[in-house]
Structures are given as structure tokens and as C-alpha cells.
Amino acid sequence: MIWIIVPLFALVIFGLYVRREAARLRAEDLRPRILVKLKLAGNGMATPAELHERQALEAEIEKRGIGSIADTGSGDGWATLQVSVVDPNAAAEQVRDLLREQDLFDRAEVSA
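Residue numbers for the sequence shown follow the numbering used here, beginning at 1 and rising by one.
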């Protein structure tokens, strides 16, 4: 009997987790976004070093509570990230300050 109850209980717990995550993602999709672009050394995809640089920026954005990373990518000579935020103008300024701190501001574009 317990061999039936335990898997059913696990499925219920997993279902609740999936439902909560789906609700969180839907709410995040409704928030405004800012676009952050970092110019790459070449005209193609990001190198491993540039990818690490972008990932460090993403981590710091989330650590500081500026917003949550909604999408990332690279190509055509740019590394891009979209950040879901509450206030696009305030978040854009905070990201610009962060880019200055990390010496990335000269090759970055931020649009709210």
C-alpha cells in the first residue's frame, strides 16, 4: 500500500512546484524589460571569456536586486541580456552604474 502512496505524494509535490514556477514565470513576463548590450571583440558569437563576463554581470544584476534575467544571447558582435524590472528608468541607471564599476560602460548600451 505504501508503494502506491509515496509515488502519488511525490507527484503531487512535483505538480505543486511546477504550478508555482509557471505562475512566477508568467508574472515575470508581464514586467517591463530593459535591454543591455555589450560589444564583443569580433562580429560573431561571444568567446568563453566574454561569456564569463556577461554571466558575471547577470549575477551581479540579480544579486543587487535590480531585476531578474529574462533572456540572454550573443551574435552579430553583441552579447545581449534582457532584464525584467519594476521601474525601467531606475533599473537602467543602476545597470549603467554597475557597468561603470566593472569597466564595461564604454562598450555597452542600455535601453529602457
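We put the beta carbon where it would ideally sit given N, CA and C, even for glycine.
Host alpha helix (DSSP H) of residue i (start-end)
i   : result
I69 : Per DSSP, I69 belongs to no alpha helix (DSSP H); it is in the beta strand (DSSP E), S68 to G75.
Candidates the options: closest to residue i by CA position
i   : options               : result
A46 : T80, V18 and G67      : T80
E60 : A23, G75 and V95      : V95
I34 : V18, I69, G75 and G65 : I69
N43 : V18, I5, D76 and F9   : D76
N- and C-terminal bounds of the beta strand (DSSP E) containing residue i
i    : result
Q94  : No beta strand (DSSP E) holds Q94; the alpha helix (DSSP H) holding it covers P88 to E101.
A108 : A108 to S111
Pair within 8 Å by beta-carbon distance, residue i and residue j
i   : j    : result
W3  : L38  : no
D71 : Q82  : yes
G73 : V85  : no
P88 : A112 : yes
I92 : V110 : The residue asked about is misnamed: residue 92 is Ala in this sequence, not Ile. A contact, by the Cβ cut-off of 8 Å.
Test: residue i CB closer than 8 Å to a CB of chain D
i   : result
D76 : Protein chains in the displayed structure number just one, and chain D is not present.
For residue j and residue i, believed in contact at Cβ under 8 Å, the rounded distance
i    : j   : result
Q102 : L57 : 7 Å
- Pick out the complete alpha helix (DSSP H) segments inside the stretch 17–62, 4 residues or longer, and give them in chain order. none
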